[in-house]
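Reviewing the structure listed below.
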Amino acid sequence: MSDRQTADFGACVRAGAQADQLVVQPRMGFSDPAAMRAGLLATRRAAARTVGTITVDAHTRVGHLAAVEDAMRNGVALNGYPVASHPVATTEQVLAGIHGPGFPVQVRHGSADPLGIFRALLAARLSATEGGPVSYCLPYGRTPLAESVRNWARACELLAQAADAGAEPHLETFGGCMLGQLCPPSQLVAVSVLEALFFVRHGIRSVSVSYAQQTHPGQDREAVAALHLLCRQLLPDIDWHIVVYAYMGLYPQTQDGAFRLLDQAVDLAVTGGAQRLIVKTAAESRRIPTVEENVRALEYAAQAAHRVPRAPADTGADSATYEEARTLVDAVLNLHTDVGSALLLAFRKGYLDIPYCLHPDNRGRTRSYLDTDGRLSWESTGALPLGAPRRLRTRRFTSADLLRDLSYVRQKFDEWQE
Numbered sequence: 123m124s125d126r127q128t129a130d131f132g133a134c135v136r137a138g139a140q141a142d143q144l145v146v147q148p149r150m151g152f153s154d155p156a157a158m159r160a161g162l163l164a165t166r167r168a169a170a171r172t173v174g175t176i177t178v179d180a181h182t183r184v185g186h187l188a189a190v191e192d193a194m195r196n197g198v199a200l201n202g203y204p205v206a207s208h209p210v211a212t213t214e215q216v217l218a219g220i221h222g223p224g225f226p227v228q229v230r231h232g233s234a235d236p237l238g239i240f241r242a243l244l245a246a247r248l249s250a251t252e253g254g255p256v257s258y259c260l261p262y263g264r265t266p267l268a269e270s271v272r273n274w275a276r277a278c279e280l281l282a283q284a285a286d287a288g289a290e291p292h293l294e295t296f297g298g299c300m301l302g303q304l305c306p307p308s309q310l311v312a313v314s315v316l317e318a319l320f321f322v323r324h325g326i327r328s329v330s331v332s333y334a335q336q337t338h339p340g341q342d343r344e345a346v347a348a349l350h351l352l353c354r355q356l357l358p359d360i361d362w363h364i365v366v367y368a369y370m371g372l373y374p375q376t377q378d379g380a381f382r383l384l385d386q387a388v389d390l391a392v393t394g395g396a397q398r399l400i401v402k403t404a405a406e407s408r409r410i411p412t413v414e415e416n417v418r419a420l421e422y423a424a425q426a427a428h429r430v431p432r433a434p435a436d437t438g439a440d441s442a443t444y445e446e447a448r449t450l451v452d453a454v455l456n457l458h459t460d461v462g463s464a465l466l467l468a469f470r471k472g473y474l475d476i477p478y479c480l481h482p483d484n485r486g487r488t489r490s491y492l493d494t495d496g497r498l499s500w501e502s503t504g505a506l507p508l509g510a511p512r513r514l515r516t517r518r519f520t521s522a523d524l525l526r527d528l529s530y531v532r533q534k535f536d537e538w539q540e
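Each residue of the sequence shown is one higher than the last, beginning at 123 in the numbering used here.
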């Protein structure tokens, strides 16, 4: 059997769940092939159940391949691996003896036009990647949403063809991580599920739905439970799993604070029944982490997961987070029989509206805030189909309030008193 037949990302994560082990994963990318190989090898050798990551550089994400070639010619390091510019043979050498059935590698990128990246990863015998027509469009630039939807439809259909060659292509939605912070969990859940449905509509049969740890553990548990229930309802014949991201906003500046926050992310993943966790390191607030720091975070998360009592995931059917998410998903799906067209109409009407997102195709009429308990709440709902449009606070929300909310997690965990 070849790696193409056996390096099945979804199957690897399922095997981890069956062994009662949380799969942990770094976000790692180096432009130098030798450094990228060393990072993957260290991840595979870590004392944890891991999968690998190749994160693509910023120029490749936006199709500036001439800039990549210029950097490579002049020996300038990039902030990721230029998968579309390195020869296929080079990437195959990076992966040789590492990528395989027990350690599949996922390509992470951030592109609203991922077709070239998908072609490159498939040529290198990889079949797992991530993103989405909404989540890799609105936060990252000014590509029109309609263009991103068209691009992602073509890319999904190309990726789906890998199944004909023996691989089971896997696609993870980034929808549960919109802007990293201050998007209420119900909308993160809704976008994550809607992007998964978009992938399935375009031929993908193995997906993961994402959720980024937010500001309140109880609310996060509601969100992960809501993902479970919605996926059971809407993806009954699809291979799916849930991936939790450690907090993506301003990270604690102290090592103790960073590890306490990672502990909480591990607890969310294990008690919520997620099968995979994207870790962050204690260096996140200052710089890009080293391979050694990534490995330490992976091993720390794996050890922490063993200490968390296993409990069946709650249905979440009675939570406000589930009810709001279900309302948003239903409202979007009722706009059009094609999921991509429904997403475009939803943003045009304001049925989906990401707080603090400046993209031209986002209405920008919703706002969120942290209540006194640290829960993310709607400050104003714009045209979201959650009842009559309303403003939920009488006091005007100011830029000082926004800065305070953005710093809430960092300050809370850095100042934590046992």
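C-beta atoms are modelled at their ideal positions from N, C-alpha and C, and glycine is treated no differently.
field: Presumed contact (8 Å Cβ cut-off) between A282 and I239, rounded CB distance
entry: The pair is not a contact, with the Cβ atoms about 15 Å apart (cut-off 8 Å).
query: For V331, which of helix, strand or coil comes out of DSSP?
result: Three-state DSSP puts V331 in a strand.
message: Taking the beta carbon of D342 as the centre, do at least 16 other beta carbons fall within 10 Å, making it buried, or is it exposed?
response: For D342, the number of other beta carbons within 10 angstroms of its own is at least 16, and it is reported as buried.
- prompt: Does the separation of the CB atoms of W274 and G254 fall below 9 Å?
  reply: Going by C-beta atoms, W274 is nearer than 9 Å to G254.
field: Classification of N547 by the beta-carbon crowding that lies within 10 angstroms, buried from 16 upward
entry: Look at the range of the chain in this structure, 123 to 540, and you will see that residue 547 is not part of it.
task: Assess, as a yes-or-no matter, whether the stretch 365-380 is touched by the stretch 410-418 under the definition of 3 or more beta carbon pairs within less than 8 Å.
output: Taking a contact to require three or more Cβ pairs closer than 8 Å, the stretch 410-418 and the stretch 365-380 do not qualify as touching.
- prompt: Buried or exposed: T459, going by 16 or more other Cβ atoms within 10 Å of its Cβ?
  reply: Classification for T459: exposed.
field: 4-residue-minimum alpha helix (DSSP H) runs that sit fully inside the stretch 162-234, ordered along the chain
entry: Listed in chain order, the complete alpha helix (DSSP H) runs (minimum 4 residues) inside the stretch 162-234 are 180-183, 187-195, 210-217.
message: Quick check: what's the CA-CA separation for D536 versus A453?
response: D536 and A453: Cα-Cα distance of roughly 40 Å.
- prompt: By how many angstroms is the C-alpha of G496 removed from the C-alpha of V392?
  reply: Straight across, the Cα-Cα distance linking V392 with G496 is about 22 Å.
query: In angstroms, rounded to a whole number, what distance separates the CA positions of T449 and L506?
result: The straight-line gap from Cα to Cα measures roughly 10 Å.
- prompt: What are the boundary residues of the alpha helix (DSSP H) that H363 is part of?
  reply: That residue, H363, is in no alpha helix (DSSP H); its beta strand (DSSP E) goes 361-367.
field: Distance between L319 and L357 (C-alpha atoms, nearest Å)
entry: Taking the CA atoms as reference points, L357 sits about 8 Å from L319.
task: Starting from E294, follow its DSSP beta bridges and name the residues at the other end.
output: Looking at the DSSP assignment, E294 forms a beta bridge with E252, S330.
- prompt: Quick one: Cα of Q285 to Cα of L244, how far?
  reply: A quick correction: the sequence has Ala, not Gln, at residue 285. For A285 and L244, the distance between alpha carbons rounds to 11 Å.
The alpha helix (DSSP H) enclosing W500, as first and last residue numbers: Careful: W500 lies outside any alpha helix (DSSP H), inside the beta strand (DSSP E) at 498-503.
Proximity to V365 [Cα-Cα], best of E294, T251, T443, G219: Checked all of E294, T251, T443, G219; the closest Cα to V365 is E294.
- prompt: Who are the near neighbours of L525 in its chain, counting only those whose CB is closer than 6 Å to its CB and skipping five residues on each side?
  reply: Within the same chain, and ignoring the five residues on either side of L525 in sequence, no residue has its Cβ closer than 6 Å to its Cβ.
message: Looking at G166: is its Cβ nearer than 9 Å to the Cβ of A141?
response: It should be noted that the sequence gives Arg, not Gly, for residue 166. At least 9 Å separates the beta-carbon of R166 from that of A141.
query: Which of the three DSSP states, helix, strand or coil, is assigned to G410?
result: Note that residue 410 is Ile in the sequence shown here, rather than Gly. Of the three classes helix, strand and coil, the one that applies to I410 here is coil, per DSSP.
message: Suppose the cutoff is 6 Å on Cβ atoms and the five residues either side in sequence are ignored; what does the same chain contact list for A193 look like?
response: Correct list, in chain order: L200.
- prompt: Does DSSP put V145 in a helix, a strand or coil?
  reply: Looking at V145 - three-state DSSP - the assignment turns out to be strand.
CB of A250 within 9 Å of CB of Q228, strictly: In this structure, Q228 lies closer than 9 Å to A250 by Cβ.
- prompt: Where do the ends of the alpha helix (DSSP H) carrying I239 lie?
  reply: In the DSSP assignment, I239 falls within the alpha helix (DSSP H) that extends over 237-245.
query: Just curious, the alpha helix (DSSP H) that S529 is in, first and last residue?
result: Run containing S529: none; DSSP gives neither H nor E here.
Rounded C-alpha distance that separates V461 from Q533: Roughly 40 Å separates the two Cα atoms.
message: Using a 10 Å radius around the Cβ and a threshold of 16 neighbouring Cβ atoms, would you call D359 buried or exposed?
response: Under this definition D359 is an exposed residue.
field: Cβ-Cβ separation, M300 to P261 (assumed contact under 8 Å), whole Å
entry: Cβ-Cβ separation between P261 and M300: approximately 6 Å, consistent with a contact (criterion under 8 Å).
field: Distance between beta carbons of P204 and D179, contact taken as under 8 Å
entry: Taking C-beta atoms under 8 Å as the contact rule, D179 and P204 qualify, at a distance of about 5 Å.
query: Are the stretch 154-163 and the stretch 215-230 touching, with three or more C-beta to C-beta distances below 8 Å?
result: Under the three-pair Cβ rule at 8 Å, the stretch 154-163 counts as touching the stretch 215-230.
- prompt: Would P374 be called buried (16 or more neighbouring beta carbons within 10 Å of its own) or exposed?
  reply: P374 comes out buried.
Nonlocal neighbours in the same chain, by C-beta distance under 7 Å from V331, ignoring five residues either side: Contacts found: T295, G298, S314, V315, A318, L349, C353, W362, I364.
field: Best match in H181, L466, V210, A168 for proximity to S233 [C-alpha to C-alpha]
entry: Among H181, L466, V210, A168, the Cα nearest to that of S233 is on H181.
task: List the endpoints of the continuous alpha helix (DSSP H) containing L281.
output: If you look at L281, you'll find it in the alpha helix (DSSP H) that goes 267-282.
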